[in-house]
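Visitor: Below: one structure in structure tokens.
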């Protein structure tokens, strides 16, 4: 399964209310080109910071599903955040790592994830549900369950192949990404104050 | 000297109740009172950059976030400040304790102690050194500045100002 296929599985059925955060580099670029939406947050700098922002967002917006989509390089850069996330136990967080065992944006240099089981690390950190998948049907199954569960979930997706030639960059400025994302979030958050319980993962 | 409860009361009056941080002995009282206050959320982050990332989410959700940290961790926030908060325009209140102030401290604190205000200045982070008498004014200034400019603002806390 390629990153493109994995991102299509994740992005295509994503409900309007779900917030999706994409890590620095090819993952943001590819997600932007597959399905840009106001609820997407593209981290263009600060590699490794995304899961901290995702944790903060999950705590700030407990009534919404928060998706962190990062790579193995990014996850390895901030490994300490894994147990922190698990310790905070956000029930609305789905943490996906697309693992190609490489720093692709900088030329495909190897990471160490071929010798480190990131899913086992997530398990040890205390994530409630941990998946390790490498083909479309198993990813689809993991995503289905994640969408309908209210347990902190980690999905390690082993991917192969390189990014498509000439993949465009995110054409929004950082301030535009934030403003658009934040506007959607604050508008819905304010509106949902009148609703006692909002379903975690609406279809 | 002001009490940690007074410090939190000021922050709470400004709707600042969401914090993440890494401890410092100078912040011991502040963190203790924050942890005991049900109105305050304090996430014990594993690093200062992680604290900054967590606190930044408050702004994305239309609220205010802050971090508590020692100045020795300033190096850890240089990257997120320059390639996240400052370019995305995400304000965060940074409460930074000042070890090495005046050149009197353990050796590991002396260089960063001397460079702390300069480093914030170089990064373009507005900052103020807190005094007991003007605590409320300075915090108010920091919060309104970060909201107006949409960037992080730091307040620097020396020993025996808040305990």
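Chains as they are written, first to last, in the numbering used here: chain A, 1 to 203; chain B, 204 to 366. Cβ atoms here follow ideal geometry from the backbone N, Cα and C, with glycine treated the same way.
1. Using C-beta distances below 6 Å, list every residue in its chain close to residue 195/A, excluding the 5 sequence neighbours before and after it, in chain order.
2. Which whole-angstrom value describes the C-beta separation of residue 128/A and residue 156/A, a residue pair presumed to lie in contact below a C-beta threshold of 8 Å?
3. Please decide whether residue 369/B counts as near chain A, where near means a Cβ-Cβ distance under 7 Å.
4. Near residue 283/B, what residues of its chain come up, given a Cβ to Cβ distance below 7 Å and the 5 sequence neighbours on each side ignored?
5. Does DSSP classify residue 217/B as helix, strand or coil?
6. Among 1/A, 4/A, 7/A, 15/A, which has the Cα closest to the Cα of residue 147/A?
7. Using a Cβ-Cβ cut-off of 7 Å, state whether residue 171/A counts as contacting chain B.
8. The beta strand (DSSP E) with residue 94/A in it runs from where to where?
9. Mind checking who residue 330/B pairs with in its DSSP beta bridge?
10. Among 89/A, 23/A, 30/A, 53/A, which one has its Cα closest to the Cα of residue 9/A?
11. Report the three-state DSSP secondary structure of residue 363/B (helix, strand or coil).
12. Would you say residue 60/A faces chain B, with C-beta separation under 7 Å as the test?
13. To the nearest angstrom, report how far apart residue 352/B and residue 1/A are at their CA atoms.
14. Which residues in chain A sit within 9 Å of residue 300/B, going by Cβ to Cβ distance?
15. Can you list the residues of chain B that residue 143/A reaches, using a CB-CB cut of under 9 Å?
16. Quick check on residue 193/A: buried or exposed, where buried means 16 or more other Cβ atoms within 10 Å of its Cβ?
Guide: Per the coordinate set shown:
1. In this prediction, residue 195/A has a pLDDT of 39, which is less than 50 and means its spatial position is unreliable; what the coordinates show is noted afterwards. Scanning its chain for C-beta atoms nearer than 6 Å, with the 5 sequence neighbours on each side dropped, one finds no residue around residue 195/A.
2. With a contact defined as Cβ atoms closer than 8 Å, residue 128/A and residue 156/A miss out at about 15 Å.
3. Examination of residue 369/B is not possible in this model, given that chain B is present from 204 through 366 alone.
4. Around residue 283/B: 252, 255, 256.
5. Coil.
6. Restricting attention to 1/A, 4/A, 7/A, 15/A, the CA atom closest to the CA of residue 147/A is found in 15/A.
7. It does not: the Cβ of residue 171/A has no partner Cβ on chain B nearer than 7 Å.
8. Its beta strand (DSSP E) spans residues 93-99.
9. Bridge partners of residue 330/B: 357/B.
10. Nearest option by C-alpha distance: 30/A.
11. DSSP places residue 363/B outside both helix and strand once states are collapsed to three, so it counts as coil.
12. Output row for residue 60/A: interface = yes.
13. Straight-line Cα distance between these residues: approximately 44 Å.
14. Those within 9 Å of residue 300/B in chain A number zero; the least Cβ separation is about 21 Å.
15. Residues of chain B with a Cβ closer than 9 Å to the Cβ of residue 143/A do not exist; the shortest Cβ-Cβ separation is about 23 Å.
16. Below a pLDDT of 50, predicted positions are generally treated as unreliable, and residue 193/A, at 46, falls in that range; the measurement from the model is reported next regardless. Burial call: exposed.
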